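All residue numbers for the sequence shown refer to our numbering, where the first residue is 5 and numbers rise by one.
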Amino acid sequence: MKIILTGASGFIGRELVSQLLAQSQLTNLLILSRRPLPDIPALDTRITVFVLDNFLVYPAALIAEFRDGLAETTLLDLAKENPDVLETVIIQAAYVTAKRSESWIPEWMVAVTGLAIRVDELAAVMVDEAATGMGCGKIPNEVLRERGKKLLGV
């Protein structure tokens, strides 16, 4: 599985990187960034970081890396043209909070609002969607939270 990720240095992106690296089926993690991320490639040999000044212009080396993903790109285009045959997934996360072990927000408060989700729960569902391809249209926050907790065994 090859994943192309933006936002890897952000709050959710860091958790996604962590959980993606735990997946044995991950072969390549291509990270697009506006600035160098020297600590991230050191995490795993499957990571390649591409620093782009302009996200509208892609260098030849990056295009070559994406070439292996031509089938995936074609499928995304087909999904747009044939929504009755292929589905896209929209993640509708609400307020994203830190993991339980890192958060000052009590679990009852996260649960009572129904509008919050822990970052590790969100990342677990996103990784599962990428790995299993169980696309189902829109995934609202309450479903994300339930699935995330189940995937993490919480």
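Each residue gets a CB set at the ideal place from its N, CA and C atoms; glycine is no exception. These numbers were taken from a predicted model, which means no experiment stands behind them.
Nearest CA to the CA of E111: which residue from D88, R149, V21?
-> Working through the sequence shown from its first residue, we reach residue 111 at position 107. When each option's Cα is compared against that of E111, the closest is R149.
In its own chain, which residues sit with a C-beta less than 7 Å from the C-beta of A120, not counting the 5 before and 5 after it?
-> As a working mapping, residue 120 is identified with position 116 in the sequence shown. Within the same chain, A120 has close Cβ partners A98, Y99, T101, V114.
Just reading off the beta strand (DSSP E) that L9 is part of, what are its end residues?
-> Position 5 of the sequence shown, counting from 1, holds the residue named residue 9. That run of the beta strand (DSSP E) goes 6 to 10.
Sorted by chain position, which residues of the same chain lie with C-beta nearer than 7 Å to A3's C-beta, five sequence neighbours on each side aside?
-> Residue 3 lies beyond the range of the chain shown here (5 to 158); nothing can be said about it.
Sequence-distant residues of the same chain with beta carbon closer than 6 Å to L66, five excluded per side | Here residue 66 refers to the residue found at position 62 of the sequence shown. When the five nearest sequence neighbours on each side are left out, the beta carbons in the same chain lying within less than 6 Å of the beta carbon of L66 are those of F54, in order along the chain.
Ordered along the chain, which non-local residues of its own chain (more than five positions away) have a Cβ less than 7 Å from that of S13?
-> Looking up residue 13 in the sequence shown gives position 9. Counting only Cβ-Cβ distances below 7 Å, and skipping sequence neighbours, we find S37, L41.
Let me know the secondary structure DSSP gives Q23 once reduced to three states.
-> Start at 1 with the first residue of the sequence shown, and residue 23 comes out as number 19. Three-state result, Q23: helix.
Hey, quick one: how far does the alpha helix (DSSP H) through R39 stretch, first residue to last?
-> As a working note, residue 39 is residue 35 in the sequence shown. Counted as a single uninterrupted DSSP element, the stretch harbouring R39 is not any alpha helix (DSSP H), since DSSP gives it neither H nor E.
State buried or exposed for D124, treating a residue as buried only when at least 16 other CB atoms are found within 10 Å of its CB.
-> Against the sequence shown, residue 124 aligns to sequence position 120. Buried, because 16 or more other Cβ atoms sit within 10 Å of the Cβ of D124.
Beta-ladder partner(s) of V53, from DSSP | Position 49 of the sequence shown holds residue 53. Beta-bridge pairing by DSSP links V53 to I35.
Measuring CA to CA, which of L30, A26, R18 is closest to M5?
-> Translated into the one-based positions of the sequence shown, residue 5 becomes position 1. That would be L30, whose Cα lies nearest to the Cα of M5.
Quick one: measure Cβ to Cβ for L20 and L9, integer angstroms, because I've assumed they're closer than 8 Å.
-> Your numbering for residue 20 matches position 16 in the sequence shown. Your numbering for residue 9 matches position 5 in the sequence shown. Cβ atoms of L20 and L9 come within 8 Å of each other, at about 6 Å.
Could you spell out the range, first to last residue, of the alpha helix (DSSP H) harbouring V129?
-> The residue labelled residue 129 in the question sits at position 125 within the sequence shown. Here the alpha helix (DSSP H) through V129 covers 123 to 136.
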